[in-house]
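Protein chains in written order, with the working numbering: chain A, 1044 to 1245; chain B, 331 to 579.
Backbone N, C-alpha and C fix where the C-beta goes; we use that ideal spot for every residue, glycine too.
Source: prediction; values computed, not measured.
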Amino acid sequence: MSPVTRGFHGRRRTPPGEEGRVPPGQYVTSDFPVLSAGPTQHTPTEKWTFSITQGGDTKKSWTWDEMRALPEENVTTDIHCVTRWSKLDTHWQAVSIDTLLEQVEHQAAYVLAFSDGGYTTNLPLRDVTGGQAWLAYGYDGGPLPPEHGGPARLLVPHLYFWKSAKWVRGLELLDTDQPGFWETYGYHMYGDPWKEQRYAGD
Amino acid sequence: MEGTAVRGRLTWQSATVTKIIPETARASTIVFEIPDWAGHRAGQHLDVRLTADDGYRAERSYSIASAPGEPVAITVERLEDGEVSPDLTEELRAGDEIELRGPIGGYFVWDPATNVGPLLLAAGGSGVVPLRAIIRNRELTGSTAKARLLYSSRSLPDVIYRAEFERPDPGLDVIYTLTRSQPPGWRGHAGRVDDALLAEVAWPTGQDPLAFVCGPTSFVETIAEGLVGLGYPEDRVKTERFGATGGRQ
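What follows is the structure in structure tokens.
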């Protein structure tokens, strides 16, 4: 039984009618907070590539222009940060991860996304396929700003947003699950916001 | 990137508030007694859970303000539109019980045993809280690492832990910049941190400095990019950011 906290009534900032869209323990924000462990990355698009790798070998790589030539999807989705803000109806321009993985033959069960600056995060393959994950380069009709992960970030909105790696440069295909950056520091290996999987053991 | 994994499950614990220390007109330090605290490192944070009488709960993360070995404390700044901070700063009393769990985070952490190079601590507003834990940890462990705190605050009365920072410490320099108002005769810096001030305060890269930057996004972006511009390797610039509507503080 949780003790009642003196004077606390709660403001319940979830907009009326949106309750079912906001996972437990989250509040809705209208701005777009920035959280990163280190300096913002600035890789120019002419030096940018996106690679699918396995065991250190590059199986397939796209330049910026090659990636942008792939079919664009407009994604409208809610996002949920482990620091407890959720943002509803965000608009992204993106390439589906399905489109990228279709061009690679593999039998991997997991991926480790890797980014400029050394950030990594792990995801089951089934969570980055089936129309659930994107490589996003546009936000609200404009280029994705660097502080939000531009030129391109992963977008996996059904998991906590640390899984949507900023400044992403590729996916390493793996047979077994390996912790990424925050997962090594005690954050949850999977990160389902609806189950409040914030930290290891949740 | 280096790191020590945080293992095991983080369970909610009942903590007793032992003391509430007003720091500024808007910020208070809350000191807890926690029976089963596993210990923490300077720079980590914890989660607090508040429960209303109808069972509604809200959780927030707060940086730990105290050094390892000291009673666990957080410093909370009241946000006018906040759901949790007004309760923690206005309503809570010594003797109250509150639920928390931690410690959380392992990257924005200073380890006095392995990091002996000079420390550059850059704080924007209440971003000073985890840096204060580092400063106290440094002092209590007798670390020889020199430290500089660059603290950007709206005004002098908004400076948290000011009395503590004014105690003479030959290994610690505190450099304030006051962004909104300066007292008469103020001879320190005024306005936001710019590249010139950062270049003046930052340790030369040859000394292998380690930087911790904590504050609002715009502050952290300016400082972190400025330090990279001065030649600081990216993995020597650790950041923690909070937005206006939430985040850590």
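| Check | Outcome |
| --- | --- |
| For the beta strand (DSSP E) that N1165 of chain A lies in, which residues bound it at each end? | 1163 to 1167 |
| Does chain B have any CB closer than 8 Å to the CB of A1179 of chain A? | no |
| For the putative contact between D395 of chain B and R462 of chain B, defined by C-beta atoms under 8 Å, what is the C-beta separation to the nearest angstrom? | Looking at the sequence itself, residue 395 of chain B is Ala, so the reference to Asp does not match. Confirmed, Cβ separation roughly 6 Å. |
| Taking all protein chains shown into account, do 16 or more other C-beta atoms lie within 10 angstroms of the C-beta of T474 of chain B, making it buried, or fewer, making it exposed? | exposed |
| Alpha carbon to alpha carbon, how far is S483 of chain B from E496 of chain B? | 15 Å |
| Where D1132 of chain A and D1121 of chain A are concerned, what is the direct C-alpha to C-alpha distance, given to the nearest angstrom? | 5 Å |
| Counting only beta-carbon atoms, is V558 of chain B nearer than 8 Å to chain A? | yes |
| DSSP state of W1177 of chain A, grouped into three classes? | strand |
| What's the call for K1238 of chain A, buried or exposed, on a 16-neighbour Cβ count within 10 Å? | exposed |
| What's the C-alpha gap between R1064 of chain A and H1149 of chain A? | 35 Å |
| State yes or no: is the beta carbon of S391 of chain B nearer than 8 Å to at least one beta carbon in chain A? | yes |
| Starting from L486 of chain B, trace the beta strand (DSSP E) both ways and give me its first and last residue. | Here L486 of chain B belongs to no beta strand (DSSP E), and DSSP marks it neither H nor E. |
| So, is the C-beta of K349 of chain B closer than 8 Å to a C-beta in chain A? | no |
| I'd like to know if the stretch 1222 to 1237 of chain A and the stretch 408 to 426 of chain B are in contact, where contact means that at least 3 CB-CB pairs between them fall below 8 Å. | no |
| Work out the CA separation of V446 of chain B and Q537 of chain B for me, nearest whole Å. | 10 Å |
| Going by CA-CA distance only, name the one from B:P514, B:F362, B:L486 that's closest to S344 of chain B. | B:F362 |
| Under 8 Å, with one C-beta from each stretch per pair, do the stretch 1174 to 1188 of chain A and the stretch 1106 to 1119 of chain A reach the 3-pair mark? | yes |
| Along the alpha helix (DSSP H) that carries F495 of chain B, what are the first and last residues, could you check? | 492 to 496 |
| Does any residue of chain B have a CB that is nearer than 8 Å to the CB of G1244 of chain A? | yes |
| Taking the C-alpha atoms as reference points, what is the distance between G301 of chain B and H1191 of chain A? | The structure shown has nothing for residue 301 of chain B, since chain B only spans 331 to 579. |
| Find the residues of chain A that neighbour G435 of chain B, judging by a C-beta separation of less than 8 Å, and give them in chain order. | Y1228, G1229 |
| Starting from S1158 of chain A, follow its DSSP beta bridges and name the residues at the other end. | A:V1211 |
| Establish whether the CB of K585 of chain B and some CB of chain A are separated by less than 8 Å. | For chain B, the structure presents residues 331 to 579; residue 585 of chain B sits outside this window and is missing. |
| Considering only C-alpha positions, which residue in the set B:A368, B:E413, B:D426, B:R390 is nearest to P401 of chain B? | B:A368 |
| Below 8 Å CB to CB, which residues in the same chain sit around R356 of chain B once its five sequence neighbours on both sides are set aside? | E407, R408, T419, D488 |
| Three or more C-beta pairs closer than 8 Å, one from the stretch 1075 to 1083 of chain A and one from the stretch 561 to 572 of chain B: is that the case here? | yes |
| Less than 8 Å between the C-beta atoms of W1128 of chain A and Q1069 of chain A, yes or no? | yes |
| Express the C-alpha separation of E389 of chain B and L479 of chain B in angstroms, rounding to a whole number. | 30 Å |
| Within its chain, find whatever has a CB closer than 6 Å to the CB of E413 of chain B; leave out the 5 residues flanking it on each side and keep chain order. | A388 |
| How long is the line joining the alpha carbons of P1087 of chain A and G1193 of chain A, rounded to whole angstroms? | 10 Å |
| Assuming V1118 of chain A is part of the beta strand (DSSP E), what are its boundary residues? | 1116 to 1123 |
| So that I know if they touch, is there some Cβ in chain A lying closer than 8 Å to that of L340 of chain B? | yes |
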